[in-house]
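Enquirer: If you scroll down you'll find the structure; I have some questions about it.
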Amino acid sequence: MVKQAPLIITSTVAPSWIYPDAKNNAKTADDAIEEAVSAWKAGAAVIHIHGRMNFTEDEWRRVIKTLRDRTDAIVQVGLSALKIPDRLPVIKMKPDMLSIILNHHDESFPGFKMSVLHNTDELEEYARLCTKYGIRPEWEVWHAGSVWNLNHLVEKGLVKPPHFVTLFFEWPGGIWSPATAEEFLHRLKQQREDSICSVSIMSPAQTSIAAISLILGHHLRVGTEDNPYYFPDRLAKNSGELVARMVRIAKEVGRDVAKPDAARKAIGVRNS
């Protein structure tokens, strides 16, 4: 039996989009930092972080610096819904990774809807910026068209493997897909052979689909942004508790969990 690569756990410590009033939502930059530290201590190698609709520049600078001072986690900046001009100040701060959606945003959350086009010209510019600032992209994959766009970037010579991709399930809106084993396996077949695949599930199916990904040798992300509940009737204490559960499952099935240094080497993230 071929030994599987160590499991890379990403933790999303941003506020929940589907449960905006959840008591475990990080309300400030300091809250987000503490949430991130709890996830790192529990075993997350990657911290996906942002405020509800973004931090100020000063907050971003402090968050990135503090996480690097207090942890060795890979700092992954989220909010892929924003356009490049809105994200450029943070890009210039050189986070380790940047989340980039490979298709349009069409999402529906309590109280607001989101519809933002991200065309190939924008994706090409993202690729150039990531190369310029030494940032590894995290490519958000929602359907087969996402893979077509990634192939386009590869064919243009703008990105190099391995391509770290996150497959999204149960996020509400026009790019929704069901969180089922069948859908997950179908989506996996569409991915490039030189991609490293993780999963994000915005529903109570989070643990089961993440566990399937773990067992099959792929990777996962959990945290308050995706699903803030530990059980359907109980909020997680924090993102660290959600990470700790996946670490326990990995140990039960004999899968090693990647430390940040190992995750950096696997993904191709530069040392901070």
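Counting in the numbering used here, the sequence shown runs from 3 upward without gaps.
We treat Cβ as the ideally placed atom computed from N, Cα and C, and that holds for glycine.
(1) Taking the alpha-carbon positions, what's the Ile103 to Asn240 distance?
(2) Please look up how many angstroms separate the CB atoms of Ile93 and Val65, rounded, as I've assumed it's under 8 Å.
(3) Check whether the region 123-137 and the region 166-180 are in contact - that is, three or more C-beta pairs closer than 8 Å.
(4) Taking His188 as part of the alpha helix (DSSP H), name the residues at either end of that continuous run.
(5) How would you label Asp196, buried or exposed, when you count the other beta carbons within 10 angstroms and need 16 or more for buried?
(6) Restricting to Cα atoms, I'd like to know which of His154, Asp60, Ser117 and Val255 is closest to Glu127.
(7) In angstroms with no decimal places, state the Cα-to-Cα distance between Glu185 and His52.
(8) Based on the DSSP output, what are the partners of Leu222 in its beta bridges?
(9) Any idea if Val79 is buried or exposed, counting beta-carbon neighbours within 10 angstroms, 16 or more meaning buried?
(10) For Met248 and Leu222, which I take to be in contact (beta-carbon distance under 8 Å), what is that distance rounded to the nearest angstrom?
(11) Cα separation between His120 and Thr73?
(12) Give a yes or no on whether the C-beta atoms belonging to Arg266 and Ile76 are separated by under 8 Å.
(13) Looking at Val168: is its Cβ nearer than 8 Å to the Cβ of Val143?
(14) Taking the Cβ atom as the reference point for each residue, do Phe166 and Glu140 lie within a distance shorter than 8 Å?
(15) Cβ atoms of Asn26 and Thr226: under 8 Å apart, would you say?
(16) On the premise that Ile203 lies in contact with Ala181, defined as a C-beta separation below 8 Å, what is that separation, rounded to the nearest angstrom?
(17) Excluding five sequence neighbours on each side, which residues of the same chain lie with their C-beta closer than 7 Å to the C-beta of Ser82?
(18) Thinking just about the alpha-carbon of each residue, which of Pro97, Leu216, Lys29 and Pro22 is nearest to the one in Lys253?
Expert: Taking the definition as stated:
(1) 26 Å
(2) Actually they are not in contact, since the Cβ atoms of Ile93 and Val65 sit about 15 Å apart, beyond 8 Å.
(3) no
(4) Ala183 to Gln192
(5) exposed
(6) His154
(7) 28 Å
(8) Ile11
(9) buried
(10) 6 Å
(11) 33 Å
(12) yes
(13) It is worth fixing the name first, because residue 168 is Thr in this sequence and not Val. Going by C-beta atoms, Thr168 is nearer than 8 Å to Val143.
(14) yes
(15) yes
(16) 5 Å
(17) Ser101, Ile102, Ile103 and Glu142
(18) Leu216
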